[in-house]
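Listed in order, the protein sequences are those of chains H and V.
Mapping of the first sequence onto this note's numbering: residues 43 to 411, in sequence order.
Mapping of the second sequence onto this note's numbering: residues 43 to 411, in sequence order.
Built from N, CA and C at the ideal position, the CB exists for glycine as well.
Number of protein chains: 2
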Amino acid sequence: MSALHTVVRAPLSPAENLARCRELVRPALTEAVGRTHPWVAEMAGYSFGWCEVGGAPATAPGGKGVRQALAVLGAEAAGADATAGIPAAVAVELVHAFSLLHDDIMDGDATRRQRPAVWKAYGTGPAVLAGDALFALAVDSLATAPRGPGAVRLLSAALADLVRGQADDLLFAARPCTGPERVSPREYRRMAEGKTGALLGCAAALGAALGGASEATVTALDRAGRRLGVAFQLVDDVLGMWGDPAVTGKPVGGDLREGKKTFPVLAALDSPAPAARRLHALLGSPGRATETAAPHSPARTTESTVFGSPGWAAEVAALVDEAGGRAAAVGEARAQTAAARALLADVPLAGRAGEELHLLLDHLMHRVL
Amino acid sequence: MSALHTVVRAPLSPAENLARCRELVRPALTEAVGRTHPWVAEMAGYSFGWCEVGGAPATAPGGKGVRQALAVLGAEAAGADATAGIPAAVAVELVHAFSLLHDDIMDGDATRRQRPAVWKAYGTGPAVLAGDALFALAVDSLATAPRGPGAVRLLSAALADLVRGQADDLLFAARPCTGPERVSPREYRRMAEGKTGALLGCAAALGAALGGASEATVTALDRAGRRLGVAFQLVDDVLGMWGDPAVTGKPVGGDLREGKKTFPVLAALDSPAPAARRLHALLGSPGRATETAAPHSPARTTESTVFGSPGWAAEVAALVDEAGGRAAAVGEARAQTAAARALLADVPLAGRAGEELHLLLDHLMHRVL
């Protein structure tokens, strides 16, 4: 084996791999977006960070591109050339962009990646339309790809799960923190699997399917991606509560103020530790969570623990940690990651792609684990 | 041939056919909607007229079901059993419901079929989600049907055209009535083909494809449906201006007040007739249409012709008629219908389906032609 071959076959670092896949997929993604109405294409371009409102070119942050990397690595894991995974990568990136666009409307989130969300910049109606366009382009990109029609079912099943997960996420916010109506950790995992895991699993599986992988490999990658998605969501919850806002780009305690039932909080509320009692009081009795818009907590408060204040968020975070919620979330994320690893180890993955998938998993979990 | 065979093979009337197809498709449509999240399924059921807010059963008007009938007739025209067209019928009805749901948000229409629109009844965010769910179910229904994966491209192409048509429809409202920036009748036809024609064409083509039709037949049905869609939109424009509100369910002049550039108005504005001059004054000079929300017209007005008043709408309608806008729209609808007929006559259509498609065309155009 020549030195050149050794260099070419050495696994890439996750950062190198993410950059390689973004570069590989970008022309096809640009071409796909360019197929829709120019006005809608501008909104889509804005959401990807390619342009400003009005169409002037920009290089705003557009996401790491984890989904497109999984699709390309999926194709390579099937022994195919990276290019075989491009239509899968385009489809999942378009679906991801669609879901962010519509989720920001549903959640009322005015900011996305340090810029006004599309609905804030262009209006709600146009943002609904732009999301629909990305959705349609995703299906169309896949339907016109070699081996694409046979793989559409992977995408449509993920889309259905995505909607179910988003529905649960919206409904969970109105559920009480305690009592029989509270959200269980099991329900949380199912929500996270739909909202985050389904598309990550679909990305790797779709890439593999276009690369000609066996059904067993496609299924294993789908399942591994779903586990990764749950782990990813758990890590996001932990970072949202204890992470550095300068790194996460989100205010500390934002989830709490929105009434989001994150896993650390759910686990802490279920804990027998004394800290859980004070936490119940701070987050309110059954039904409390339906009043998240109220300016003050019905529980006993001091000035520093007024509902939604920085002092309140800090105390909630400290109590969740003390009651074991942080450890439970990190433990669960580790378990989900281990399950993903086991699924990947169980099927033959060609070339360096298997190792690179493991490295990517490490990289994504490294943020807290 | 026995008397029984004669009875079975006689073409059904359009009303009988629409009812037959609704009944045939309903179980599969109900099953498809039942596959999504229960909360989302309730919103979908409400939009179909199957239930009230909260889930109590209802029998509210749910549309004639033209698209599902075209899908079933498409399958039969291919010589297949009606049941072969059911997955196509389900897919196009779900897409139609999705597009109504999201269009009502974009257009700010608070009422749909004499009931509050879904976004009014459930909120904008949930309505966005329900539309997304119907979209995902449509793709999934087709992807899991026999011969379905190979036909997904027909649906995804129609979805892309639907978005393009809706984008143009939204943008046309902001364009001036006169000058080089005005909407041309050609642009109008392209918009109507996307917004209304693409899905009607897709319905018949998809049914035929699932029924095993040749590519020539699938293409002819797609094109005929697109012509029918343009005719359909023209008829809607005419009825919106001169129809009986008790029959159309829409207020007379509603399109005008929303600044919609309907074909009769566009044709009248392009006319050399003297009435066109007064019409220009009433609808405003270039740029006028961007101010449709203004409570008064910048043109000279009398009390009875204040912008948006019933007197104003009646005078506009009379001037559009006088300038030949109504005749132009009816003539164009006739031409589009004739083109649809010619396309249908050009390919072999099995059994009674060909004749029934012609009868359905007559029935849909009968409203004004």
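Between residue i and chain H, is any beta-carbon pair separated by less than 8 Å?
i, result
"V:GLN208", "yes"
"V:SER198", "yes"
"V:PRO227", "no"
"V:ALA175", "yes"
"V:ASP264", "no"
"V:ASP279", "no"
"V:HIS400", "no"
Can you list the residues of chain V that residue i reaches, using a CB-CB cut of under 7 Å?
i, result
"H:MET148", "GLY167, VAL170, LEU171"
"H:THR186", "ARG195"
"H:HIS144", "VAL170, ASP174"
Tell me, which residues are paired with residue i by DSSP?
i, result
"H:THR153", "H:PRO158"
"V:CYS93", "V:PRO99"
Using a cut-off of 7 Å between C-beta atoms, extract the partners of residue i located in chain H.
i, result
"V:TRP81", "ALA209, LEU213"
"V:ALA178", "SER198, LEU201, ALA202, VAL205"
With 8 Å as the threshold, decide whether the Cβ of residue i is near any Cβ in chain V.
i, result
"H:HIS138", "no"
"H:ASP151", "no"
"H:GLY243", "no"
"H:PRO191", "yes"
"H:GLU345", "Residue confidence for H:GLU345 is low, a pLDDT of 49 falling below 50, so the modelled location carries little weight; the figure read from the coordinates is stated next. No - not a single Cβ of chain V is within 8 Å of the one on H:GLU345."
"H:GLY254", "no"
Within a Cβ cutoff of 6 Å, which residues of the same chain sit near residue i, ignoring the five residues on either side of it in sequence?
i, result
"V:LEU385", "ALA262, ARG265, ALA266"
"H:GLU84", "GLY97"
"V:ALA70", "ILE128, VAL132"
"H:ARG320", "LEU361"
"H:ARG368", "PRO306"
"V:SER183", "ALA74, PRO129, VAL132, ALA133"
"H:TRP272", "The question names Trp, but residue 272 of chain H is Val in the sequence shown. The answer, listed in chain order, is ARG231, ALA234, GLU235, GLY239, GLN378."
"V:LEU391", "ALA119"
"V:PHE177", "PHE140"
At 9 Å on the CB atoms, spell out the chain V contacts of residue i, in chain order.
i, result
"H:THR78", "ALA202, VAL205, ARG206, ALA209"
Which residues in the same chain as residue i place their Cβ atom closer than 7 Å to its Cβ, once the five residues preceding and following it in sequence are excluded?
i, result
"V:GLY151", "First, the residue type needs correcting, since residue 151 of chain V is Asp and not Gly in the sequence shown. Cβ within range, chain order: ALA159."
"H:THR153", "ALA159"
"V:PRO191", "ALA185"
"H:PHE90", "GLY104, ALA139"
"V:GLY296", "GLY282"
"H:ASP145", "GLN208"
"H:GLY396", "ALA119, LEU386"
To which residues of the same chain is residue i closer than 8 Å at the C-beta, ignoring the five residues directly before and after it?
i, result
"V:ASP210", "GLU229, ARG232, MET233, GLY236, LYS237"
"H:TYR164", "MET85, TYR88, VAL95, ALA172"
Name the chain V residues that come within less than 8 Å of residue i, Cβ to Cβ?
i, result
"H:VAL181", "VAL181, VAL194, LEU197, SER198, LEU201"
For this session: Report the residue ranges of all alpha helix (DSSP H) runs contained in full by the segment 188 to 246 of chain V; include only those spanning at least 4 residues, in chain order.
Result: 194 to 214, 227 to 234
For this session: Would you list, in sequence order, the uninterrupted alpha helix (DSSP H) runs of no fewer than 4 residues that lie entirely inside the segment 343 to 392 of chain V?
Result: 352 to 364, 367 to 387
For this session: Could I get the ranges of all uninterrupted beta strand (DSSP E) runs contained in the segment 242 to 302 of chain H, with 3 residues as the minimum, in chain order?
Result: none
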